[in-house]
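Numbering (our numbering), first residue to last: 27 to 489. Don't be surprised by glycine CBs; every beta carbon is placed ideally from N, CA and C. Since the structure comes first, as structure tokens, the remarks are kept for the end.
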């Protein structure tokens, strides 16, 4: 295996591991802040217990996210030094701002929040968790600004073979960020909501006396989750319409649309011949892809073969087609998981409005098994986003093969690939173990050793 394949594999693995923790951090920080706001406004201890319980799980997840994220920064300078040399003047700015502004703000006030219970006033303590939540999401914003520049480079000039920033405002207000950032924040809220729903369900199924903490948590999560999931679907639709203009090959590969169509049909199921770039078997709904992409039942959506010919004329000979099998099915995994979450949350709201949480244990148990659902959607979405940009590392400017370090031998990358994979796997196991341990323990000491009436998913994981 060559250094390029190994470097790509290493970055893919570290990114997927890291993004396992990020959405939960983004969403759970906001949910914990909402819970503490209710405590400060009402003075009721139930909201304080909720804040401390979910806050403890937030801290565990936050710590793991920090550890896994640091490695990615070093990879830019080691495995991808040619990329860093080319884009450092542009790409480095948002990363530096993220570290110096958002991350330090987040870490500082998280310390105040952790150690400040009963040492600072309630309002100061509440301010601390809101600043943590805001800073966490600001951190995501700056990372996404850097990624958006890779997806749609703006505000730069090429000087002596390097990209140099000439318009900082253009980089910050990249057109891509207006759909990408709301989509990620919405997915964070959804991830946290299903996390809270699942763990709350576990405790609601147990024979404990005080279930108010978990029933209230379930109610808050159901509302936040519905808002987040609707936001994910709406911003995802807007994101697709933007990508049709900025990266049409990504949309074509996600739909296995080999030839330009007007109107374009949406693929329900396609078996394609990727070598000859044609359908073997396909079921399409006429006009729906045009509707989704252009808000009308007619209109041209460019196909893979037409775009390949166009890019060869514009950029020179080469393969400009992403791995269609991967993009096609990752798109469907993302969308399928999204609508499954919407249905589940509609059911959760019905339970909440009907005040039937404890009366429906059979149907309530489903939320234990749905905790992984947003993680599937998040991972599939990033696979589509990054693999759909192939062969570009910076769209239209630099190909992936040109960004890899030329001085790092393949054996060195292979060695660190194995090392990082094993270390990250150990961290993942530790994170899940700690989350399960403290999630099972509950919000009060009287619940620690109480077993559930049935053994749902999270109980089995911890045994």
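If we ignore side chains and look at the alpha-carbon of each, how far apart do residue 240 and residue 161 end up? Position 214 of the chain shown holds residue 240. Position 135 of the chain shown holds residue 161. Residue 240 and residue 161 have their alpha carbons spaced roughly 27 Å apart.
Along the chain, where does the alpha helix (DSSP H) containing residue 80 start, and where does it finish? Along the chain shown, one-based indexing puts residue 80 at 54. Counting along the chain, the unbroken alpha helix (DSSP H) around residue 80 starts and ends at 71-103.
Length of the line joining the Cα atoms of residue 58 and residue 206: Locating residue 58 in the chain shown gives position 32, where the first residue counts as 1. Locating residue 206 in the chain shown gives position 180, where the first residue counts as 1. One C-alpha to the other measures close to 24 Å.
Could you check if residue 143 is buried or exposed, using at least 16 other CB atoms within 10 Å of its CB as the buried criterion? For the purposes of this step, residue 143 is taken as the residue at position 117 of the chain shown. Taking every protein chain shown into account, the CB of residue 143 has fewer than 16 other CB atoms within 10 angstroms, so this residue is exposed.
Okay, do the stretch 433-449 and the stretch 295-312 touch, 3+ Cβ pairs below 8 Å being the bar? Output reads no: the stretch 295-312 does not touch the stretch 433-449.
Taking the beta carbon of residue 424 as the centre, do at least 16 other beta carbons fall within 10 Å, making it buried, or is it exposed? Taking the first residue of the chain shown as 1, we reach residue 424 at position 398. Result: buried.
Which residues in the same chain as residue 291 place their Cβ atom closer than 7 Å to its Cβ, once the five residues preceding and following it in sequence are excluded? If you number the chain shown from 1, residue 291 lands on position 265. So the list reads 310, 311, 312, 313, 314, 315, once near-sequence residues are dropped.
Please state the DSSP three-state secondary structure of residue 481. Position 455 of the chain shown, counted from the start, is the residue given in the question as residue 481. In this prediction, residue 481 scores a pLDDT of 38, lower than 50, which makes its location untrustworthy; the coordinate-derived value is nonetheless stated afterwards. Coil at residue 481, not helix or strand.
Taking just the CA atoms, how far does residue 329 sit from residue 280? As a working mapping, residue 280 is identified with position 254 in the chain shown. As a working mapping, residue 329 is identified with position 303 in the chain shown. Each residue's Cα considered, the two are about 11 Å apart.
Provide the residue span of the alpha helix (DSSP H) that contains residue 211, from first to last. Against the chain shown, residue 211 aligns to sequence position 185. Secondary structure note for residue 211: its alpha helix (DSSP H) is the uninterrupted segment 203-230.
If we count Cβ pairs, one from each stretch, closer than 8 Å, do we get three or more for the stretch 395-415 versus the stretch 35-45? Because the criterion of three Cβ pairs below 8 Å is met, the stretch 395-415 and the stretch 35-45 touch.
Taking the C-alpha atoms as reference points, what is the distance between residue 403 and residue 191? As a first step, residue 403 must be located in the chain shown, where it is residue number 377. As a first step, residue 191 must be located in the chain shown, where it is residue number 165. Near 34 Å, if we compare the C-alpha coordinates of residue 191 and residue 403.
What number of angstroms, rounded off, separates the C-alpha of residue 486 from the C-alpha of residue 397? Residue mapping note: residue 486 aligns to position 460 of the chain shown, counting from 1. Residue mapping note: residue 397 aligns to position 371 of the chain shown, counting from 1. With a pLDDT of 31 at residue 486, under the threshold of 50, the modelled position of that residue is not reliable, and no figure is offered here.
Could you spell out the range, first to last residue, of the beta strand (DSSP E) harbouring residue 299? By 1-based counting over the chain shown, the position of residue 299 is 273. Counting along the chain, the unbroken beta strand (DSSP E) around residue 299 starts and ends at 292-299.
Alpha carbon to alpha carbon, what distance is there between residue 450 and residue 234? Working through the chain shown from its first residue, we reach residue 234 at position 208. Working through the chain shown from its first residue, we reach residue 450 at position 424. Going by the C-alpha atoms only, they are around 36 Å apart.
Taking 8 Å as the threshold (C-beta atoms), are residue 230 and residue 244 in contact? Residue mapping note: residue 244 aligns to position 218 of the chain shown, counting from 1. Residue mapping note: residue 230 aligns to position 204 of the chain shown, counting from 1. In contact: residue 244 and residue 230 (Cβ atoms closer than 8 Å).
Spatial neighbours of residue 298 in its chain, beta-carbon cut-off 8 Å, leaving aside the 5 residues before and after: If you number the chain shown from 1, residue 298 lands on position 272. Closer than 8 Å at Cβ, skipping near neighbours: 282, 284, 304, 305, 306, 308, 350, 351, 354.
I'd like the span of the alpha helix (DSSP H) that includes residue 240, first residue to last. Stepping through the chain shown from its first residue, residue 240 is reached at position 214. For residue 240, the enclosing alpha helix (DSSP H) has its first and last residue at 238-272.
Should the stretch 216-223 be called in touch with the stretch 251-271, which here means at least 3 C-beta pairs below 8 Å? The answer is yes - the stretch 251-271 touches the stretch 216-223, with three or more Cβ pairs under 8 Å.
Would residue 263 and residue 202 be called neighbours here (beta carbons separated by less than 8 Å)? In the chain shown, the residue the question calls residue 263 occupies position 237. In the chain shown, the residue the question calls residue 202 occupies position 176. When the beta-carbon positions are compared, residue 263 and residue 202 stay at least 8 Å from each other.
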